[in-house]
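Under the numbering used here, the first residue of the sequence shown is numbered 10, with each subsequent residue one higher.
Yeah, the Cβ is synthetic: ideal placement off N, Cα and C, and Gly gets one too.
The structure presented is a predicted model; accordingly, all values stated were derived computationally and were not measured.
Following: one structure in structure tokens, then a few remarks.
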Amino acid sequence: MNVYRPDQMIARALAVWLALAASGFANGTFRLVVLTRRLGESVAHVVSTVLLSVLIRVLSWATVTWIAPRRGADAVTVGLLWLVLTVALEFAIG
């Protein structure tokens, strides 16, 4: 029997957020090391923004069934968790 466990959903959402954050750092490094040198600062910034948006979309879509929100409220909880963690990270690293 598969029992619903909100704590498991939160733990999985946190794991996915860590992967999203790592993707963001990798994207920033790629922009600085590769894209800026080849495309210039402004174009590299645009390309990097689009690339990270696609990465976030793909990772979110690929993991939503694993996170397993059961109701709309659960999905909102995951989104709010990701929002709070992202804002906290931005303030922490500047």
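Residue 79 in three-state terms, based on DSSP: Residue 79 falls in the coil class under three-state DSSP.
Hey, how far is the Cα of residue 39 from the Cα of residue 45? 9 Å
Evaluate residue 25 with the Cβ neighbour count: other Cβ atoms within 10 Å of its Cβ, from every protein chain shown; 16 or more gives buried, anything less gives exposed. buried
Any heavy atom of the ligand FAD closer than 7 Å to the Cβ of residue 72? Looking at this structure, you won't find the ligand FAD or any other ligand, since it has none at all.
Spatial neighbours of residue 56 within its chain, please: C-beta separation below 8 Å, excluding the five flanking residues on both sides. Closer than 8 Å at the Cβ level, and outside the excluded window around residue 56, lie 40, 44 and 48.
Close Cβ partners of residue 61 (< 8 Å) along its chain, the five nearest in sequence each way excluded: 32, 33 and 36
Using the C-alpha atoms, what's the distance from residue 21 back to residue 87? Between the alpha carbons of residue 87 and residue 21 lies a distance of about 10 Å.
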